[in-house]
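Novice:
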Amino acid sequence: MTAGRRWPFHVAASDPETSVLLAMTVRELELDLDAFEGPFDLLLTLVLREELPLVGVDVAGIVLAFVERLAEREELDLDACGEFLVLVAALLELKARGLLAGEADLEDLEPGEAAEELARRLEEYRRIKGAAEWLAERLASERDRFFRLGPAPLAPRGERRLAEQDPAALAALLQALVAEPPEVSLAHLELRFPPVSRFLEQFRAVLGRRARFDFDHEVGGLTRVEQAVAFLALLELRRAGEIRLEQAAPFAPIRVSREVVDEEVSWNARSA
Amino acid sequence: MERPLRLIQANPLDSLARAIEALLVVASQPLSVGALVEACGDEAERIETALGLLGERYREGRSGIVLEQVAGGWAFRASRDAAEACGRLFERPVERNLSQAALETLAVVAYLGPCSRPDIARWRGVAVDSVVAGLVERGLIAEAGRGDLGAVRYRVTPLFERVFGLESLAALPRLDDFGGDADELRGRLESLAERRPA
Amino acid sequence: MERPLRLIQANPLDSLARAIEALLVVASQPLSVGALVEACGDEAERIETALGLLGERYREGRSGIVLEQVAGGWAFRASRDAAEACGRLFERPVERNLSQAALETLAVVAYLGPCSRPDIARWRGVAVDSVVAGLVERGLIAEAGRGDLGAVRYRVTPLFERVFGLESLAALPRLDDFGGDADELRGRLESLAERRPA
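If you're matching them up, the sequences are chains A, B and C in order. If you read the first sequence in the working numbering, its first letter stands for residue 19, the second for the next number, and so on. If you read the second sequence in the working numbering, its first letter stands for residue 6, the second for the next number, and so on. If you read the third sequence in the working numbering, its first letter stands for residue 6, the second for the next number, and so on.
1) Mark Pro-171 (chain A) as exposed unless 16 or more other C-beta atoms lie within 10 angstroms of its C-beta, in which case mark it buried.
2) Comparing alpha-carbon positions, which option in B:Asn-102, B:Arg-51 and B:Gly-69 lies nearest Gln-183 (chain A)?
3) Strictly below 7 Å CB to CB, what residues from chain C border Arg-93 (chain B)?
4) Can you confirm whether Glu-5 (chain C), when its beta carbon is compared against all beta carbons of chain B, has any partner nearer than 8 Å?
5) Per DSSP, what are the beta-bridge partners of Val-237 (chain B) in this structure?
6) For a test of the three-state rule: what should DSSP assign to Pro-199 (chain A), helix, strand or coil?
7) Ser-84 (chain B) CB to nearest chain C CB: under 8 Å?
8) Out of B:Ala-22, B:Ser-173 and B:Pro-123, point me to the one whose CA is closest to Ala-49 (chain B)'s CA.
9) With 8 Å as the C-beta to C-beta threshold (strictly closer), list the residues of the segment 108-137 of chain B near chain A in chain order.
10) Sorted by chain position, which residues of the same chain lie with C-beta nearer than 7 Å to Cys-91 (chain B)'s C-beta, five sequence neighbours on each side aside?
11) Under a CB-based cut-off of 8 Å, is Leu-172 (chain A) close to chain B?
12) What does the alpha-carbon distance come out to for the pair Leu-58 (chain A) and Leu-180 (chain C)?
13) Below 8 Å between beta carbons: does that hold for Tyr-116 (chain C) and Ala-186 (chain A)?
14) Residues of the segment 44-67 of chain C in Cβ contact with chain B at a cutoff of 7 Å, in chain order, please.
15) Cβ closer than 7 Å: which chain A residues qualify as neighbours of Val-31 (chain B)?
16) Taking the straight line between their C-alpha atoms, what separation do you get for Leu-42 (chain C) and Leu-56 (chain C)?
17) Within a Cβ cutoff of 8 Å, which residues of the same chain sit near Arg-144 (chain A), ignoring the five residues on either side of it in sequence?
18) With distances taken from CA atoms, which of A:Ile-146, A:Arg-179, A:Val-274 and A:Leu-103 is nearest Ala-228 (chain A)?
19) Please tell me whether Arg-101 (chain C) has its Cβ less than 8 Å away from any Cβ of chain A.
20) Of all Cβ atoms in chain A, is any one closer than 8 Å to the Cβ of Arg-11 (chain C)?
21) Taking contact to mean 3 or more Cβ pairs, one atom from each stretch, closer than 8 Å, check whether the segment 157-165 of chain C and the segment 107-126 of chain C are in contact.
22) In the DSSP output, what is Arg-227 (chain A) paired with across the bridge?
23) Going by C-alpha distance, which of C:Glu-96, C:Phe-81, C:Arg-93 and C:Val-141 is nearest Val-114 (chain C)?
24) Do you know how far the Cα of Leu-72 (chain A) is from the Cα of Gly-56 (chain A)?
25) For Pro-35 (chain B), would you say it is in contact with chain A, using Cβ-to-Cβ distances shorter than 8 Å as the test?
26) Pick out whichever of B:Glu-109, B:Asp-47, B:Leu-177 and B:Arg-64 has its Cα sitting closest to the Cα of Ala-149 (chain C).
27) What are the start and end residues of each continuous alpha helix (DSSP H) run of 4 or more residues lying completely inside the segment 123-196 of chain B, in chain order?
28) Determine the DSSP secondary structure at Gly-77 (chain B), reduced to helix, strand or coil.
29) Considering only DSSP beta bridges, list what Val-71 (chain B) is partnered with.
30) Glu-26 (chain B) touches chain C at which residues, Cβ-Cβ below 7 Å?
31) From the beta carbon of Leu-154 (chain C), is the nearest beta carbon of chain A less than 8 Å away?
32) Within 10 Å of its beta-carbon, does Ala-176 (chain C) have 16 or more other beta-carbons around it, so buried, or fewer, so exposed?
Set out below in C-alpha cells:
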C-alpha cells in the first residue's frame, strides 16, 4: 500500500486543446452526497472530528463516485484501488459501530448476529428514506391544493370552555419532571473511537525524538478502529506537509519521516 | 363533468367566478376587490360583475354559504338558518382535557412562576413557544412583568384557579420531598437540565 | 351553476345539506361525521347522504370550492384550477422549505410515533433537536406525553394529514413497500461495469 497514491483524472478545462491530465489522490476524490459535498479527505476529517455524523453518510455513494471516476480511466490503477478499499473499510467499520452504538445488549451478540442486526437497521433506515421520498413527492403533487389555515374571517367566536381539572395531575407531572432519570448505560462508550488528535500528537512527539518511524510498529497492539484512526491521522499529517510517507511495495511496512521544509517556499506560501 | 363545461362556454365570467369562490374559501380575512384583481389578474369591473353573480348564488335562503360584503371586502359566512348548528359547533367544546404539554407547562408556571419561556423550556427540556402562546390565548396564564434578563415572565390566572378548583395557589398539592419550597424545586430542575443530553 | 342548486332544493335533505355547507365554510379544521352529527342534531346516515350530495356539487372541475375527505373529516378547499390565483395571494408557511432532514423526521414520527427525540435520532443517526422544534413550530408534529425514560414523545398532527392530503394515517403506503433500492444500487453498479472499457 502506498499512502497518498496519485489518482489521475481528466478535468474539463476551459480550453480543450490544452486540457491537461491532472493527478489527484484518492483523498481528493470529489463527492456529491446528500449529507456532504466536497473532497473525500475533508469528509474523513469531519467524521473523525465528529462534526459530521457518519450514519448519515451514504458510503455506497462514495463507492459509486470512485467507480465512476475509475470508469473514466483507460487502465486500472491497482494501488489507488487498494488505498480506496482501506479507507472505505475503515469508514464502514466506524459507521457500523455508530449504527450499533447505544444499546447495551449488542455487545453480547455473536458477530453473525451483530451483522444481521446491522443489516436489519440499515434496511429500516432505507425504508424511512423511502417514506421521506414518498412524502416529498406527495407534497409536490399537492402543491396546487390550497386550504385555509385558522378560523374563517366571519366565523362565530365561540368561547373556549374547559372542564374542571384535577390539581393532583399538576403535582404528579411536576413530580415526574424532578425525578432522577434512570441510570444511563455507559456501555456504548466502549464502542467509541479515539479522537484523531490523539494520534496527531503521538506521531508528532515520535518525530520530535526520531527522524523516522515504522507505522506498523507504532500501531501494533491497537484495535482495528484505533489503527484506522491512526492511519487517518497519518494522512492528515501528510496533507499538512509535516511528514513524508514511503512504502517499498504493497503491504510492505509504511515508513514515516519528517518532511524537510524548504525555507523559501514556505516563506512564499505564508506571504501569499 | 359534462354540464358545467358547457356552462363555462356559455358564460365567460364563470371561470373567473370559480376562481373568486376558491380564493374566498381559503382566505382568513375578507378580500378586497383590489386583492381579487391582483390574484385573478383580471379587471376590477369584471371582478365586480363576477361578485354580483356569486352574491346571487350564495345568498340567504338559497345556500348555507352566504357571500357578504364587510368593511375589509368580501367574505363567506354561514347562513342564518344554520346559526343554531354553528352555535353548537363553536360553543360546544367544553374541553375535557388539556394536552400533556399544556398540563406540564401549567404545572411549572403554577409551582415555580413567575417564570419566562426560556426557564420553562430549560426545565421541561423542550421548546415551549407554541404551548405558552396557547395557554395565554386560553387565559390560563398571563404576563407578569419581565425578569432580570428582560424576558417576559408568566404566572397562572384566576381562571386557572377556577378551572383547577383552587382557592389560591397555596392550595396546590404538596410534592413529596419538597415541602412547598419553590427554590429547592427550581434548583433541582436546573441541575437536571444541566445534565440532560443536548 | 344553476343546475346543482335545483338538485339540492328538490331533495328532502336540502336543509341538512345547507347546514353542513354553512358549518364547513366557517370551520377551522376538517369536521368528522361525529362532529357534524352533534352540531346538526341529525343521524349519521343522513349526514353521510347529505355529504354525498355536497361532494357532487362541490367537486373539482365543477366549482371553485371543493369538498374533500381529509384528516379524519370533511373540509372545503380551493379547486386545483384556482391554484395559480391562490398562489398569488396566499403563503404556504407550513410546507415551505421542508428539508430532507425534516421529511425523514416526519416519516419516522408518522410511521413509528409516538416517539421521542432520542428515538428519532437513532433512526436518522443525527441530532434532531432543531428539526423537531421546527416541525412543532409548523404544527406538523405535537407532543404526546413522555416515554419510559422521561423523554417527550411526538406524534404527527391532523394538520400533517391535511397538508399531505391524507384521509388518515392509514392512507400512508406500507413502510414495508419502501426499501427496494438495494436492487437499484446493484443495477447502477452493473451498468457502470458494462460501460467500463475492456
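Glycine included, C-beta positions come from ideal geometry on N, C-alpha and C.
Specialist: Here's the rundown:
1) buried
2) B:Asn-102
3) Glu-43 and Ala-44
4) Here chain C covers residues 6 to 203 and nothing more, so residue 5 (chain C) does not appear.
5) Nothing about residue 237 (chain B) can be reported from this structure: the residues present for chain B run from 6 to 203 only.
6) coil
7) Nearest CB-CB separation between Ser-84 (chain B) and chain C: below the 8 Å threshold.
8) It is B:Ala-22 whose Cα lies nearest to the Cα of Ala-49 (chain B).
9) Leu-108, Glu-109, Leu-111, Ala-112, Val-113, Ala-115, Tyr-116, Trp-128 and Arg-129
10) Ala-83
11) yes
12) Before going on, a small fix: residue 58 (chain A) reads as Phe here, not Leu. Approximately 33 Å between the Cα atoms of the pair.
13) no
14) Ala-44, Cys-45, Gly-66 and Arg-67
15) Phe-164, Phe-165 and Arg-166
16) The sequence given here places Val at residue 42 (chain C); Leu does not occur at that position. Going from the Cα of Val-42 (chain C) to the Cα of Leu-56 (chain C) covers about 12 Å.
17) none
18) The displayed chain sequence assigns Arg, not Ala, to residue 228 (chain A). Residue A:Val-274 is the option with its Cα nearest to Arg-228 (chain A).
19) no
20) Its pLDDT being 49, under 50, Arg-11 (chain C) is placed unreliably by the model, and nothing is read from it.
21) yes
22) DSSP, once it has assigned bridges, lists no residue as partnering Arg-227 (chain A).
23) C:Val-141
24) The straight-line gap from Cα to Cα measures roughly 15 Å.
25) For Pro-35 (chain B), the closest Cβ of chain A is nearer than 8 Å.
26) Cα-wise, what sits closest to Ala-149 (chain C) is B:Glu-109.
27) 134-142 and 163-168
28) coil
29) Val-71 (chain B) pairs with B:Arg-82.
30) Ser-68, Gly-69 and Ile-70
31) yes
32) Answer is exposed; the Cβ neighbour count stays below 16.
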